[in-house]
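First up is the structure itself, then whatever we jot down about it.
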Amino acid sequence: MTTSPGTLTPALRSRLADVMHAAHTEADARRAEVRQLRNVLTIALLAATLMVGALVLLGALRPASVPLCAETLATAATAEVPATPTSPAIAAVPATPAGTVCPAGGANHRYDIVLVSLFGLLGATIAVVAKVSTTSAKDLSYSPTVPQLALKLPAGVLTAIAATVLVRSGLFSVVNLKPSQAAILFTALLFGYAQQVFTRFVDQKANTVVEAAKPPTG
53 MTTSPGTLTP ALRSRLADVM HAAHTEADAR RAEVRQLRNV LTIALLAATL
103 MVGALVLLGA LRPASVPLCA ETLATAATAE VPATPTSPAI AAVPATPAGT
153 VCPAGGANHR YDIVLVSLFG LLGATIAVVA KVSTTSAKDL SYSPTVPQLA
203 LKLPAGVLTA IAATVLVRSG LFSVVNLKPS QAAILFTALL FGYAQQVFTR
253 FVDQKANTVV EAAKPPTG
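Here our numbering is used: the first residue of the sequence shown is 53, the next is one more, and so on.
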């Protein structure tokens with residue numbers, strides 16, 4: 053028996069069914085990978101948030117256990133230098149004793165870690181806003197975009213606390229800020245934003261998985 057052009061034979065139907073089944077199986081596998089990544093990011097977000105809560109609670113209850121204050125060195129007094137025909141007068145500078153500068157001002161306080169955390173969170177929020185402005189909406193179920201961006205917030209707090217401790221300890225001699233309340237809070241803000249250095253690897257992985265799961269166009 054001959055078939056007219058355009059008629060599907062049983063063999064051709066079987067081959068097309070196999071191709072469609074393989075395509076759907078591959079798409080399901082890609083979507084499953086997106087869901088798995090979203091679940092992993094959600095767990096990481098919860099773990100990071102719990103870690104932030106534990107650190108803030110520890111620092112609030114026992115401020116000395118999370119050293120965020122900076123030591124200031126004593127300076128000697130200088131005498132007044134009178135003006136000369138070639139140079140202006142230089143005023144006298146009184147001596148300053150050694151002391152401690154903390155994020156909340158004054159001595160070690162339970163609010164020190166709260167302030168550092170807030171400024172780290174502010175830096176991370178700036179990074180999230182910048183990321184959102186360049187992120188397109190994903191037409192995928194279980195998109196990892198929300199936990200991917202939310203993870204940056206506790207990560208910013210953690211990097212702010214860790215960096216403030218390290219910088220104040222003098223381990224980073226390249227960061228030579230004069231010890232002051234503003235310098236400590238600026239350090240927290242800067243490193244809260246700098247969590248992007250670490251979370252960009254998560255961004256790259258998420259983008260790769262999402263792009264692979266998107267249906268082909270054209």
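Note that CB positions come from ideal geometry on N, CA and C, so glycine has one too.
Taking L201 as the centre and dropping the five residues before and after it, the same chain places the C-beta of V180, K183 and V184 closer than 7 Å to its C-beta, in chain order.
Straight-line measurement puts the Cα of V249 at about 22 Å from the Cα of S195. Secondary structure of A100 (DSSP, three-state): helix. Segment contact: the segment 89-98 against the segment 197-216, three or more CB-CB distances shorter than 8 Å; contact assigned.
Put simply, the backbone Cα of L210 is about 24 Å away from that of N259.
Selection R114, G208, S232 and V217 evaluated against G158 yields S232 as nearest (Cα-Cα). Under the DSSP assignment, V118 falls outside any alpha helix (DSSP H); it carries neither an H nor an E label. Of all alpha-carbon atoms in V262, V254, L109 and L170, the one lying nearest the alpha-carbon of F243 is that of L170. Annotation for S185: no alpha helix (DSSP H) segment contains it, and DSSP assigns it neither H nor E. L107 sits close to I213, with the two beta carbons spaced by under 8 Å. Beta-bridge partners assigned by DSSP to V153: A122. Sequence-distant partners of K204 (beyond 5 residues in either direction) whose C-beta falls short of 8 Å from its own C-beta, in its chain, are A176, A179, V180, K183, Q247, Q248 and T251. Here the C-alpha atom of T152 lies approximately 15 Å from the C-alpha atom of L237.
A Cβ-Cβ contact shorter than 8 Å links V217 with L120. At a Cβ-Cβ threshold of 8 Å, P206 and H161 do not count as neighbours. In the three-state DSSP reduction, P206 falls in the helix class (H, G or I).
Shown here for L110: same chain residues with a beta carbon closer than 7 Å to its own, the five before and five after excluded, namely S117 and V118 in chain order.
Nearest to A234 by C-alpha distance, out of L102, A84 and A122, is A122.
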